[in-house]
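Numbered by UniProt numbering, the letters in the sequence shown go through residues 1 to 406 in order.
Cβ atoms here follow ideal geometry from the backbone N, Cα and C, with glycine treated the same way.
Notes for the one structure printed next.
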Amino acid sequence: MQPSTYPLIDPDQALALVLHEVAVLGTEELPLAACPNRVLAQDLIAEQDLPAFSSSAVDGYALRAADSGGRLPLAGEAAAGRPFQGSLPEAAAARILTGGVLPEGADTVVMLEEVRAGADWVEVPAGLRPGSNYHRPGADLTTGTRVLRRGEVLGPAELGLAAALNRPSLTVHRHPRIALMSTGDELVQVGGRLEPGQIIDSNRWALLAALREAGAEVSLLPAAPDDPAQLRRLVLGALSEHEVLVTSGGVSVGSHDLVKPLLESLGKVHIGRVKLKPGKPFTFATLSQGRLAFGLPGFPVSSLVTFEVFVRPALRRMQGFRELQRPRLPVRLDFDAKPAVGRTEYHRVSLRRKGDELIAQTTGSQSSSRLLSLVGAHALVRIPPGDEPVRRGSQVEALILSLPAD
């Protein structure tokens with residue numbers, strides 16, 4: 001095993017290097033059903049008023065305010081989707097339901113609870129004012145209004161507004177196409193028989209879930225053996241159809257760690273090591289035609305932590321998101337944390353609320369192979385490098401994966 005020739009890079013500097021090389025992907029027009037959580041690529045301009053017509057805000061009776069204060073004959077009804085036919089006669093009223101078009105000639109609506117009514121008449125109180133209990137055209141927004149800005153994430157309210165404006169499709173940024181590949185002769189797929197020295201390829205499924213949660217379209221490649229020719233063939237085939245290659249394993253300095261040399265031959269390796277625990281061997285390269293490659297460590301926790309810190313923000317930038325990273329919040333330690341010498345550590349913790357504070361408790365052994373340390377973890381607590389323990393009660397920064405319910 002030869003010492004690595006790659007410099008150790010600070011995690012923040014490494015993330016900046018990654019994001020500097022990442023471009024926002026192109027656009028596609030999709031039906032509304034395919035748009036949830038996508039990023040809008042063009043401003044949405046209203047091409048009509050909302051509402052488009054005067055509509056009742058209540059169930060009641062439409063009339064002229066000047067005719068209030070007496071018994072009026074009923075001239076008909078206006079229901080949602082079934083307008084009153086013609087103009088409302090003078091000294092008359094029309095039943096109107098919520099959402100019904102205000103009849104021509106009417107200028108106010110009196111609520112059902114405020115009248116006495118018979119089959120063909122209604123008694124209305126005196127003193128009604130014009131403009132009551134109905135929505136005017138353009139009350140919500142007017143034609144030409146920019147209602148959604150490019151870069152906004154399309155959630156329920158945004159999609160409902162687009163539908164209300166009769167927009168059946170929207171222009172959004174594409175999802176990145178990712179090729180995911182594990183490496184190593186020792187790997188066996190789930191359901192297979194383990195021989196001595198072999199392990200299940202858990203990274204394949206953990207990273208697949210992480211990539212999909214981040215919005216990627218993922219292709220699962222066969223696990224690559226520790227053979228340079230086969231690895232090269234698989235990688236070149238993947239790069240012909242995908243914008244990003246994500247590998248796990250094969251990025252350390254052993255004789256069977258083949259990913260870094262291959263990426264060097266295909267492009268430029270910008271990052272070969274980071275001052276991070278877990279995840280020191282994290283690798284990032286740019287390849288031809290703007291392709292990106294992320295080489296994640298083989299240890300399961302290391303691969304997921306480096307994904308969260310480096311890969312997820314890059315994928316979000318590709319999709320046009322403005323907020324690239326998960327929230328970072330101060331938390332207070334409920335344990336003593338031993339720093340790593342010369343490296344920032346992301347310690348897996350659960351959180352609980354105590355007043356206005358978040359209290360962090362370790363998830364136990366922080367071994368890079370122990371996936372259980374991430375199960376139920378709410379956050380990754382950032383422990384700066386140092387020689388002295390960070391004592392219980394200290395306030396530190398945490399990358400929030402989820403927040404506790406209580």
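Considering Cα atoms alone, identify which of 329, 45, 284 is closest to residue 22.
Taking the first residue of the sequence shown as 1, we reach residue 22 at position 22. Looking at the Cα atoms, 284 is the closest of the given residues.
If you compare alpha carbons, which of 64, 210, 54, 25 is closest to residue 135?
Numbered from 1 along the sequence shown, position 135 holds the residue referred to as residue 135. Ranking 64, 210, 54, 25 by Cα distance to residue 135 puts 54 first.
In whole angstroms, give me the CA-to-CA distance for residue 345 and residue 324.
Translated into positions along the sequence shown, residue 345 becomes position 345. Translated into positions along the sequence shown, residue 324 becomes position 324. Each residue's Cα considered, the two are about 21 Å apart.
Take the Cβ of residue 13 as the centre, count every other Cβ of all protein chains shown within 10 Å, and call the residue buried at 16 or more, exposed below.
Within the sequence shown, numbered from 1, the residue matching residue 13 stands at position 13. Residue 13 is exposed by the Cβ-count criterion.
When you compare only the Cα positions, how much space is there between residue 119 and residue 75?
Locating residue 119 in the sequence shown gives position 119, where the first residue counts as 1. Locating residue 75 in the sequence shown gives position 75, where the first residue counts as 1. Approximately 11 Å between the Cα atoms of the pair.
Can you list, in chain order, the residues of its chain with a C-beta nearer than 8 Å to that of residue 203? Leave out the 5 residues immediately preceding and following it.
To locate residue 203, count along the sequence shown from 1; it is residue 203. Closer than 8 Å at Cβ, skipping near neighbours: 182, 248, 249, 296, 298, 300, 303.
I need the straight-line Cα distance from residue 31 to residue 176, nearest angstrom please.
On the sequence shown, position 31 is the one that residue 31 refers to. On the sequence shown, position 176 is the one that residue 176 refers to. If I take the Cα positions, the gap works out to 18 Å.
Compute the distance between the beta-carbons of residue 97 and residue 117, then report whether it is under 8 Å.
Within the sequence shown, residue 97 is the residue found at index 97, counting from 1. Within the sequence shown, residue 117 is the residue found at index 117, counting from 1. It is not a contact, given that the beta carbons lie outside the stated cut-off.
Across which residues does DSSP place residue 6 in a beta bridge pair?
The count along the sequence shown starts at 1 and reaches residue 6 at position 6. DSSP lists no partner for residue 6.
Give the single residue among 88, 280, 385, 331 whose Cα lies nearest to the Cα of residue 341.
Here the question's residue 341 lines up with position 341 in the sequence shown. Residue nearest to residue 341 within the set 88, 280, 385, 331 is 385 (criterion: CA-CA distance).
Please work out which residues of its chain come closer than 6 Å, Cβ to Cβ, to residue 359, disregarding the five sequence neighbours upstream and downstream, and give them in chain order.
Position 359 of the sequence shown holds residue 359. Correct list, in chain order: 332, 334, 352.
With a threshold of 7 Å on Cβ separation, who are the neighbours of residue 404 within its own chain once the five nearest residues in sequence on each side are excluded?
Sequence index remark: in the sequence shown, residue 404 carries index 404 (1-based). Excluding residues within five positions, the ones whose Cβ falls inside 7 Å are 351, 352, 353, 378.
Tell me the DSSP bridge mates of residue 121?
Indexing the sequence shown from 1 puts residue 121 at position 121. Note: residue 121 sits in a beta bridge opposite 73.
With respect to the beta strand (DSSP E) encompassing residue 268, which residues constitute its N-terminal and C-terminal limits?
As a first step, residue 268 is located in the sequence shown; it is residue number 268 there, counting from the start. That run of the beta strand (DSSP E) goes 267-271.
Would you call the region 217-231 and the region 274-283 in contact, with 3 or more CB pairs under 8 Å?
no
Is residue 298 helix, strand or coil by DSSP?
In the sequence shown, counting from the first residue as 1, residue 298 sits at position 298. Residue 298: coil per DSSP, three-state reduction.
So, for residue 7: in the same chain, excluding its five sequence neighbours on each side, which residues have a beta-carbon less than 8 Å away from its beta-carbon?
Working through the sequence shown from its first residue, we reach residue 7 at position 7. Closer than 8 Å at Cβ, skipping near neighbours: 272, 273.
If you reduce the DSSP assignment to three classes, tell me which class residue 425 lands in.
As shown, the chain starts at 1 and ends at 406. That puts residue 425 outside it, with no answer to give.
List the residues that DSSP assigns as beta-bridge partners of residue 320.
Position 320 of the sequence shown, counting from 1, holds the residue named residue 320. Beta-bridge pairing links residue 320 to no other residue.
Based on Cα-Cα distance, which residue from 45, 374, 170, 356 lies nearest to residue 364?
On the sequence shown, residue 364 is found 364 positions in, with the first residue counted as 1. Here the closest residue by C-alpha is 374.
At which residues does the beta strand (DSSP E) containing residue 60 begin and terminate?
Looking up residue 60 in the sequence shown gives position 60. Note, residue 60: beta strand (DSSP E), 60-63.
Give me the residue from 49, 90, 59 with the minimum Cα distance to residue 65.
Within the sequence shown, residue 65 is the residue found at index 65, counting from 1. Measuring from the Cα of residue 65, the nearest candidate turns out to be 90.
Assuming contact is defined by CB atoms lying nearer than 8 Å, are residue 292 and residue 266 in contact in what I supplied?
Taking the first residue of the sequence shown as position 1, residue 292 is located at position 292. Taking the first residue of the sequence shown as position 1, residue 266 is located at position 266. No. Outside cutoff.
Ignore the nearest five residues each way along the sequence and tell me which others in residue 389's own chain have a CB closer than 6 Å to its CB.
If you number the sequence shown from 1, residue 389 lands on position 389. Answer for residue 389: 336, 338, listed in chain order.
Quick check: the Cα distance between residue 236 and residue 262, rounded to an integer number of angstroms?
As a first step, residue 236 is located in the sequence shown; it is residue number 236 there, counting from the start. As a first step, residue 262 is located in the sequence shown; it is residue number 262 there, counting from the start. Whole-angstrom Cα-Cα distance: 10 Å.
Please specify which runs of the beta strand (DSSP E), each continuous and at least 3 residues long, are wholly inside the region 327-360, giving them in chain order.
328-333, 344-354
So what's residue 98 in DSSP terms, helix, strand or just coil?
The residue labelled residue 98 in the question sits at position 98 within the sequence shown. Three-state DSSP puts residue 98 in coil, outside helix and strand.
Suppose the cutoff is 6 Å on Cβ atoms and the five residues either side in sequence are ignored; what does the same chain contact list for residue 381 look like?
Walking along the sequence shown from the start, residue 381 turns up at place 381. Answer for residue 381: 347, 349, 360, 396, 398, listed in chain order.
By a C-beta neighbour count over all protein chains shown, 10 Å radius and 16 as the cutoff for buried, is residue 129 buried or exposed?
Indexing the sequence shown from 1 puts residue 129 at position 129. Exposed: under 16 other Cβ atoms inside 10 Å.
For the beta strand (DSSP E) containing residue 196, name the first residue and the last one.
Numbered from 1 along the sequence shown, position 196 holds the residue referred to as residue 196. Taken as a continuous stretch (DSSP letters only), residue 196 belongs to no beta strand (DSSP E), as it is neither H nor E.
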